[in-house]
Amino acid sequence: MSSTLLEMSGIEKSFGTNKVLKGVNFELMPGEVHALMGENGAGKSTLMKILTGIHKRNAGKVAYMGEQKEYTDPKESQLDGIAIVHQELNMMKDLTVAENIYIGREEVNKGFINDHVAIEKTEQLFERLKVNISPTEKVDHLTVGQQQMVEIAKAISMDAKLIVFDEPTAALTEKEINELFKIIEDLRKKGIGIIYISHRMNEIKKITDRITVLRDGEYIGTVLTEEVTKDEIINMMVGRSLSEDPKQRSNVSPNAEEVLKVVGLKVGNTVIDVSFNLKKGEIVGFSGLMGAGRTEVARAIFGADKRDHGDIYINGKQVNIRNTHDAVKHGIGYLSEDRRRYGLVTGFSIADNVVMSALSNYSSNGIIQDHKVHQESEKYRRKMKVKSTSSTQIVRSLSGGNQQKVVIAKWLVRDSDIIIFDEPTRGIDVGAKSEIYDLMNELVNQGKSIIMISSELTEILRMSDRVVVMCEGRITGELPIENATQEKIMELATDRKEM
Ligand SMILES: Nc1ncnc2c1ncn2[C@@H]1O[C@H](COP(=O)(O)OP(=O)(O)OP(=O)(O)O)[C@@H](O)[C@H]1O
Ligand SMILES: [Mg+2]
Numbered sequence: 063m064s065s066t067l068l069e070m071s072g073i074e075k076s077f078g079t080n081k082v083l084k085g086v087n088f089e090l091m092p093g094e095v096h097a098l099m100g101e102n103g104a105g106k107s108t109l110m111k112i113l114t115g116i117h118k119r120n121a122g123k124v125a126y127m128g129e130q131k132e133y134t135d136p137k138e139s140q141l142d143g144i145a146i147v148h149q150e151l152n153m154m155k156d157l158t159v160a161e162n163i164y165i166g167r168e169e170v171n172k173g174f175i176n177d178h179v180a181i182e183k184t185e186q187l188f189e190r191l192k193v194n195i196s197p198t199e200k201v202d203h204l205t206v207g208q209q210q211m212v213e214i215a216k217a218i219s220m221d222a223k224l225i226v227f228d229e230p231t232a233a234l235t236e237k238e239i240n241e242l243f244k245i246i247e248d249l250r251k252k253g254i255g256i257i258y259i260s261h262r263m264n265e266i267k268k269i270t271d272r273i274t275v276l277r278d279g280e281y282i283g284t285v286l287t288e289e290v291t292k293d294e295i296i297n298m299m300v301g302r303s304l305s306e307d308p309k310q311r312s313n314v315s316p317n318a319e320e321v322l323k324v325v326g327l328k329v330g331n332t333v334i335d336v337s338f339n340l341k342k343g344e345i346v347g348f349s350g351l352m353g354a355g356r357t358e359v360a361r362a363i364f365g366a367d368k369r370d371h372g373d374i375y376i377n378g379k380q381v382n383i384r385n386t387h388d389a390v391k392h393g394i395g396y397l398s399e400d401r402r403r404y405g406l407v408t409g410f411s412i413a414d415n416v417v418m419s420a421l422s423n424y425s426s427n428g429i430i431q432d433h434k435v436h437q438e439s440e441k442y443r444r445k446m447k448v449k450s451t452s453s454t455q456i457v458r459s460l461s462g463g464n465q466q467k468v469v470i471a472k473w474l475v476r477d478s479d480i481i482i483f484d485e486p487t488r489g490i491d492v493g494a495k496s497e498i499y500d501l502m503n504e505l506v507n508q509g510k511s512i513i514m515i516s517s518e519l520t521e522i523l524r525m526s527d528r529v530v531v532m533c534e535g536r537i538t539g540e541l542p543i544e545n546a547t548q549e550k551i552m553e554l555a556t557d558r559k560e561m
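So this is what it looks like as structure tokens:
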């Protein structure tokens with residue numbers, strides 16, 4: 063056996079009085095893909111930030127390639143061959159792809175950015191990784207998935223010996239995920255050690271050798287991937303087992319009234335022709351491959367993007383939604399898939415984010431009533447189990463999954479009748495997923511209606527009363543939940559026939 067690449071032992075870390083790592087161990091061999099798992103807020107990202115020198119540890123040891131290390135700056139770990147793809151995208155939106163990849167890297171820019179070299183190097187890199195993005199494109203113009211791919215390419219371009227992927231696939235398309243897995247296989251063969259953080263059990267089973275589980279900052283254990291079942295891993299993470307069973311039948315009565323009807327929606331060339339309806343108390347699942355146009359449908363209904371054609375009826379009456387303000391007025395809420403860009407002000411507190419979109423509910427004579435704000439945000443913070451010290455905590459300091467919960471709380475507070483959830487559990491751990499599902503069920507029981515866009519078939523089958531499948535800007539089929547299966551959905555999702 064080759065010698066250990068990384069050995070972290072007894073790592074402890076507190077933020078103020080909040081102890082988030084309590085004696086964590088982690089080991090990585092060269093050529094190993096090692097998963098780091100645990101619920102939202104368990105401490106995964108923090109452990110990686112300690113490794114790379116972004117955070118300073120309070121106790122514990124880090125040995126890398128046989129030497130004791132204590133990095134105080136990510137540049138130091140980078141020079142030592144440790145690269146990290148962060149969970150939060152942190153690129154400079156105004157710079158180009160190539161500039162983002164090579165910014166601050168001496169070998170290319172000798173203190174300034176030499177565009178030609180950077181562009182050429184980026185082209186070569188993308189060719190090798192089969193990434194189809196122009197190096198001169200502004201990052202701001204890329205989709206979240208493309209930005210993620212750029213981050214991954216950047217990490218790989220560093221010729222690292224150890225690469226950390228912190229939830230790399232959350233925003234990737236199926237095709238991109240497959241490319242990434244090939245890349246990881248390649249890196250592994252070269253003897254590079256890989257730390258892989260993901261909440262997606264299937265990925266973990268597919269590509270990792272070992273799994274280390276954290277729960278609430280504690281080290282639970284390390285197991286060989288091929289020797290554990292999914293249920294055993296979930297049990298290690300949450301200390302209980304959870305059901306993933308599909309819904310058996312629709313909970314909506316056949317004569318429930320129609321709350322939303324969309325007819326002939328067209329948006330540029332991403333949404334060609336979409337018509338569907340939604341009933342009171344119903345959850346309609348929108349399935350399809352990424353890029354099928356589901357988010358674009360949602361954004362058009364919500365007034366975030368302009369539609370070219372299409373009529374929208376709410377409770378039987380045609381409405382004119384020109385912007386998001388109109389949509390909200392008509393009782394529509396939209397929980398965006400890109401929480402960083404559209405969902406949250408990360409420099410604000412949990413409470414401020416939660417009530418931001420419904421401030422009028424908390425003011426009297428134009429004065430905001432702090433105690434009401436506090437009460438309401440506390441209620442949701444508890445209900446959704448947002449891992450935090452209080453509702454005054456700044457959102458930026460929450461773990462990724464807990465930020466997502468705040469976005470959800472924000473829309474619940476707004477009291478919309480029709481809520482569009484776009485990938486509501488992306489990046490959310492199994493335990494929190496259950497909580498979000500419970501909440502969605504509670505909402506429909508109260509008579510609200512939900513459109514749920516999701517790329518996870520198990521989620522679609524578990525939550526929907528009816529499944530609408532899209533492919534290339536059109537609805538290719540609709541299945542009552544009683545008839546829906548993964549196979550049928552996939553068939554419709556890859557339908558390329560002319561309609
Ligand atoms: N800069 C910070 N300041 C204060 N608290 C922080 C900071 N960073 C993280 N925390 C807290 O540390 C805990 C662990 O967070 P961490 O981001 O490591 O979780 P995680 O396991 O990566 O979760 P997720 O799956 O949601 O990404 C959380 O309770 C979080 O609120
Ligand atoms: Mg994290």
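If you read the sequence shown in our numbering, its first letter stands for residue 63, the second for the next number, and so on. Where is the CB? At the ideal position from N, CA and C, for every residue including glycine.
Item	Value
C-beta contact flag for residue 106 and residue 98 at 8 angstroms	yes
heavy atom of ligand 1 below 7 angstroms from residue 102 C-beta	yes
Segment limits, beta strand (DSSP E) that includes residue 133	Taken as a continuous stretch (DSSP letters only), residue 133 belongs to no beta strand (DSSP E), as it is neither H nor E.
Residue 149 CB to nearest heavy atom of ligand 2 below 7 angstroms	yes
Best match in 286, 446, 492 and 497 for proximity to residue 472 [C-alpha to C-alpha]	446
Sufficient close CB pairs (3 or more, under 8 angstroms) joining the region 71-78 to the region 239-248	no
Short CB-CB distance (under 8 angstroms) between residue 461 and chain D	No chain D appears in this structure, which consists of one protein chain only.
Contained beta strand (DSSP E) runs [length at least 3] in the region 455-492, N- to C-terminal order	480-484
Residue 567 CB to nearest heavy atom of ligand 2 below 7 angstroms	This structure does not reach residue 567, given that the chain is present from 63 up to 561, and the question cannot be answered.
Residue 433, enclosing alpha helix (DSSP H) - first and last residue	432-445
Residue 145, DSSP secondary structure in three states	strand
Close Cβ partners of residue 298 (< 6 angstroms) along its chain, the five nearest in sequence each way excluded	275 and 282
Stretch-stretch touch, CB-based, cutoff 8 angstroms, three pairs: the region 250-270 with the region 228-241	yes
Helix, strand or coil at residue 343 [DSSP, three-state]	coil
The region 530-548 / the region 306-314 touching (three or more Cβ pairs under 8 angstroms)	yes
beta-carbon residue 527 near ligand 2 non-hydrogen atom, thresh 7 angstroms	no
Own chain partners of residue 458 with C-beta closer than 7 angstroms, once the 5 adjacent residues on each side are dropped	408 and 409
Cβ pair count under 8 angstroms reaching 3, the region 440-455 against the region 423-431	no
Coil, strand or helix - residue 90 by DSSP	strand
Pick from 319, 521, 491 and 359 that is closest to residue 341, judged by C-alpha positions	319
Any non-hydrogen atom of ligand 2 closer than 7 angstroms to residue 278 Cβ	no
Per DSSP, cross-strand counterpart(s) of residue 536	335 and 533
Unbroken beta strand (DSSP E) run spanning residue 232, endpoints	Element bounds for residue 232: n/a, residue is neither H nor E.
Residue burial classification, residue 437 (beta-carbon count within 10 angstroms, cutoff 16)	exposed
Nearest-angstrom beta carbon gap, residue 528 and residue 346 [assumed within contact, 8 angstroms]	5 angstroms
Check: residue 464 C-beta below 7 angstroms from any heavy atom of ligand 1	yes
Neighbour-count burial assignment, residue 387, 16 or more Cβ in a 10 Å radius	exposed
N-terminal and C-terminal residue of the alpha helix (DSSP H) that residue 277 is part of	Looking at the DSSP string, residue 277 is not in any alpha helix (DSSP H); the run it does join, the beta strand (DSSP E), is 272-277.
beta-carbon residue 432 near ligand 2 non-hydrogen atom, thresh 7 angstroms	no
beta-carbon residue 457 near ligand 1 non-hydrogen atom, thresh 7 angstroms	no
Spatial distance of residue 365 from residue 323 (CA atoms)	15 angstroms
Outcome for residue 455 when other beta-carbon atoms lying within 10 angstroms are tallied against a minimum of 16	buried
Coarse secondary structure for residue 320, derived from DSSP in three states	strand
Status (buried if at least 16 other CB within 10 Å, exposed otherwise) for residue 286	exposed
Option in 314, 242 and 167 with minimal Cα separation from residue 225	242
heavy atom of ligand 3 below 7 angstroms from residue 260 C-beta	Ligands displayed in this structure: ligand 1 and ligand 2; ligand 3 is not among them.
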